[in-house]
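Asks: What follows is a single structure, and I will ask about it in a moment.
There are 2 protein chains.
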Amino acid sequence: MENQGQGLHARVLESLGPAITSGTYPPGSVLRTDELEERFDVSRTVIREAIRVLESMHLVVSRRRVGVTVRPTEEWNVYDPQVIRWRLAGADRPRQLRSLTVLRSAVEPVAAGLAARLATPEQCEELTRHALGMVSTSRGQQLGAYLVHDVAFHRVILRASGNEMFARLGDVVAEVLTGRTEHQVMFTDPDPAAVTLHVRVAEAVRERDAARAEALTREITAGAMAELDILAP
Amino acid sequence: MENQGQGLHARVLESLGPAITSGTYPPGSVLRTDELEERFDVSRTVIREAIRVLESMHLVVSRRRVGVTVRPTEEWNVYDPQVIRWRLAGADRPRQLRSLTVLRSAVEPVAAGLAARLATPEQCEELTRHALGMVSTSRGQQLGAYLVHDVAFHRVILRASGNEMFARLGDVVAEVLTGRTEHQVMFTDPDPAAVTLHVRVAEAVRERDAARAEALTREITAGAMAELDILAP
DNA sequence: CGGCCAATTAAGTATGACGTTTGAGTCACA
DNA sequence: TGTGACTCAAACGTCATACTTAATTGGCCG
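So the sequences go chain by chain: A and B. For what it's worth, my numbering labels the leading residue of the first sequence as 4, then goes sequentially. For what it's worth, my numbering labels the leading residue of the second sequence as 4, then goes sequentially.
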């Protein structure tokens, strides 16, 4: 969905990263550069650059005389988009989807409240447009088109919040929504109630009603959590 | 507060990173590797490794025949702890503190609610201990000791939430709290009301009262926002 | 048995050579 | 004069190799 292996070091990364995040090399495992050099049939330079990147993601730590050691899971930079992609592609995808959905449930309502205050007229218009797009694609097995509008809607909300930290979660939300459509049940058309909620959020933002926008978004994320059987107090 | 320049590439990073995030090299600027090589008096190997790391943070993009170009701010991996540190150390520290405080206000209450359900007895005990520690250090210019308990308290909440995404925000919160003590007013002792709120959160978690823990934490973060003059609806 | 020293190992750094991409300039032709 | 293809060179990308540094291991000596 984003970059792709241009350059050998990227190719190595796209092989090593998933191998680490998926547990093929569990925490504590030790890799040696010359071994990798041989395995990927590339030069030392390339391996070292890949290792440096993995190190900056806190996936590994490189120490002299010992090798490149995989770090414990708790220390990984789990907000790194690349790490998120690797983990979503791996075995603990369900677990990862839950974590991210909980994060969404915390962030998106607050973002919607802020968006209601700060959204530009253009952003309001975009929101409305995508909400209506969701309505018009919510029936008749148009899940692909529906997803496009859904993702765009949430991206606009996050961006319109005016908070860069929220805005950067757009990719994460996109992954979660895409993952849900691809992997989850979702054989059937989207829940009409959810569609309506999006329309009403767009309305609330347009009318600068922060409290309502937040509350409605909270309903949306609550629905997303329910889909994954996450705690329902 | 974390790693330090062990290795030349790390030294280069600690110089280039802040230079980019602080705007010394604004987006669109172009760096050439051989120029950097000379400026830092290190080999290509070292420069290239540093560049790879900056690239993985989405701070720069390296293209043939053109050089290493600084990317637009919106594309930076603003959740990377190292990027956060660099930006907090730079000129737009106030702006960064606001962004992060808003993020806290979204995440921490939800985390506290989850902690109330999931915290282990040990974590409950830790919470209580740090809350009491805050009480006992809240008077008489013991800001340093107070800060230690404050940071520890919020770390436990985030970790006890059982959500790895939340848990990894512990460092961010620590930076924000530390930054407030160091840079903000805070000449005077901490607000007694805030101290009391922490004690009550610990209580609520201990009593498994998720709604109360969430609401009380929302009050804490609202206070933090008020300190920074962030919107007060 | 314990502490100290040296040998070994694997990462870190430096350097020279070559390959590859691609922007930019040039030149010819319409 | 404008447009097209063609050439050139600048900058990164990759490789191979030699050397340096740090840390672990293990043996030697007290």
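Note that the Cβ used here is the ideal one computed from N, Cα and C, for glycine as well. All figures in this text were calculated on a predicted structure; none of them were measured in a lab.
Assign R35 (chain B) to one of three DSSP states: helix, strand, or coil.
Replies: Note: R35 (chain B) maps to coil in three-state DSSP.
Asks: Output, in chain order, the set of chain B residues within a Cβ distance shorter than 8 Å of S108 (chain A).
Replies: Result: V113.
Asks: Since Y82 (chain B) meets chain A, which of its residues come closer than 8 Å, beta carbon to beta carbon?
Replies: Per Cβ cutoff of 8 Å: N80, Y82, D83, M168 and R171.
Asks: Which complete alpha helix (DSSP H) runs does the stretch 103-149 of chain B hold, if anything under 4 residues is left out?
Replies: Taking only runs of at least 4 residues, the alpha helix (DSSP H) segments lying wholly in the stretch 103-149 of chain B are 124-139.
Asks: Please identify the residue among B:I233, B:A197 and B:E77 whose C-alpha is closest to the C-alpha of L237 (chain B).
Replies: Since the displayed chain B opens at 4 and closes at 236, residue 237 (chain B) lies outside it and no answer follows.
Asks: To the nearest angstrom, report how far apart T191 (chain B) and L231 (chain B) are at their CA atoms.
Replies: Answer to the nearest angstrom: the Cα atoms are 16 Å apart.
Asks: When you compare only the Cα positions, how much space is there between I160 (chain A) and N166 (chain B)?
Replies: Taking the straight line joining both Cα atoms gives about 24 Å.
Asks: Which residues in chain B sit within 9 Å of L103 (chain A), going by Cβ to Cβ distance?
Replies: Neighbours of L103 (chain A) on chain B, chain order: M168.
Asks: Quick check: R47 (chain B) and E40 (chain B), are their CB atoms within less than 8 Å of each other?
Replies: Yes.
Asks: Buried or exposed: where does G147 (chain B) fall if 16 or more other Cβ atoms within 10 Å of its Cβ makes it buried?
Replies: Flag for G147 (chain B) reads exposed.
Asks: On the DSSP letters alone, give me the boundaries of the beta strand (DSSP E) that S46 (chain B) sits inside.
Replies: Careful: S46 (chain B) lies outside any beta strand (DSSP E) and carries neither H nor E.
Asks: If I follow the unbroken beta strand (DSSP E) through G173 (chain A), where does it start and stop?
Replies: Taken as a continuous stretch (DSSP letters only), G173 (chain A) belongs to no beta strand (DSSP E), being part of the alpha helix (DSSP H) at G173 to H186.
Asks: Under the rule that 16 or more other beta-carbon atoms within 10 Å means buried, what is Q85 (chain B), buried or exposed?
Replies: Looking at its Cβ environment, which holds 16 or more other Cβ atoms inside 10 Å, Q85 (chain B) is buried.
Asks: To the nearest angstrom, how far is it from the Cα of S164 (chain B) to the Cα of L121 (chain B)?
Replies: If I take the Cα positions, the gap works out to 6 Å.
Asks: Given that V56 (chain B) touches chain A, what residues does it touch there, using C-beta distances under 7 Å?
Replies: Residues of chain A passing the Cβ test: R55, V56 and S59.
Asks: Give me, in chain order, the residues of the same chain whose beta-carbon lies closer than 6 Å to that of A155 (chain B); leave out the 5 immediate sequence neighbours on both sides.
Replies: Hits under 6 Å: H133.
Asks: Since H12 (chain B) meets chain A, which of its residues come closer than 9 Å, beta carbon to beta carbon?
Replies: Result: R55.
Asks: So, for E111 (chain A): in the same chain, excluding its five sequence neighbours on each side, which residues have a beta-carbon less than 6 Å away from its beta-carbon?
Replies: If we look at E111 (chain A) and ignore the five residues flanking it on each side, its Cβ neighbours are T220 and T224.
Asks: Quick check on DSSP: helix, strand or coil for S18 (chain B)?
Replies: In the structure shown, S18 (chain B) sits in a helix (DSSP, three-state: H, G or I).
Asks: Quick one: list the residues of chain A neighbouring E52 (chain B), beta-carbon separation under 7 Å, in chain order.
Replies: The contacting residues are R51, E52 and R55.
Asks: With H, G and I counted as helix, E and B as strand and the rest as coil, what does DSSP make of G226 (chain B)?
Replies: If DSSP states are grouped into helix, strand and coil, G226 (chain B) belongs with the helices.
Asks: Anything in chain A within Cβ reach of L231 (chain B), meaning under 9 Å, just list it in chain order.
Replies: Going along chain A, no residue has its Cβ under 9 Å from L231 (chain B), so there is no contact; the nearest lies around 13 Å.
Asks: List the residues of chain B whose Cβ lies closer than 8 Å to the Cβ of T48 (chain A), in chain order.
Replies: Per Cβ cutoff of 8 Å: T48 and R51.
Asks: With DSSP collapsed to three states, give me the class of S164 (chain B).
Replies: Residue state, collapsed to three classes: coil.
Asks: Determine, using beta carbons only, whether A225 (chain A) comes closer than 8 Å to chain B.
Replies: With 8 Å as the cut-off, A225 (chain A) does not count as an interface residue toward chain B.
Asks: Could you tell me whether the stretch 70-79 of chain A touches the stretch 26-38 of chain A, where touching means 3 or more Cβ pairs closer than 8 Å?
Replies: Enough Cβ pairs lie closer than 8 Å, so yes.
Asks: Would you mind stating whether E217 (chain B) and V113 (chain B) have Cβ atoms separated by less than 8 Å?
Replies: Yes. Within cutoff.
Asks: Please go through the same chain and pick out, in chain order, the residues whose beta-carbon is closer than 7 Å to the beta-carbon of L19 (chain A), but skip the five residues on each side of it.
Replies: Result list for L19 (chain A): A53 and L57, in chain order.
Asks: Determine, for G20 (chain B), whether the minimum Cβ-Cβ distance to residues of chain A falls below 8 Å.
Replies: Closer than 8 Å: no.
Asks: For V202 (chain A) and T199 (chain B), I'd like the C-alpha separation in whole angstroms.
Replies: When rounded, the distance between both Cα atoms is 41 Å.
Asks: What are the partner residues of T72 (chain B), as DSSP defines its beta bridges?
Replies: BP columns for T72 (chain B) point to B:V33 and B:V64.
Asks: Name, going along the chain, the residues of the stretch 128-146 of chain A whose beta-carbon falls closer than 8 Å to a beta-carbon of chain B.
Replies: Within the stretch 128-146 of chain A, no residue qualifies.
Asks: For S59 (chain A), which three-state DSSP category applies?
Replies: Reduced to three states, the DSSP call for S59 (chain A) is helix.
Asks: Determine the extent of the alpha helix (DSSP H) in which R90 (chain B) is found, giving its start and end residues.
Replies: Taken as a continuous stretch (DSSP letters only), the alpha helix (DSSP H) holding R90 (chain B) covers P84 to A92.
Asks: Return no unless some Cβ of chain B is closer than 8 Å to the Cβ of E185 (chain A).
Replies: E185 (chain A) does not count as touching chain B.
Asks: Would you mind reading off the limits of the alpha helix (DSSP H) that contains T199 (chain A)?
Replies: Looking at the DSSP string, the run of the alpha helix (DSSP H) that includes T199 (chain A) is P195 to R209.
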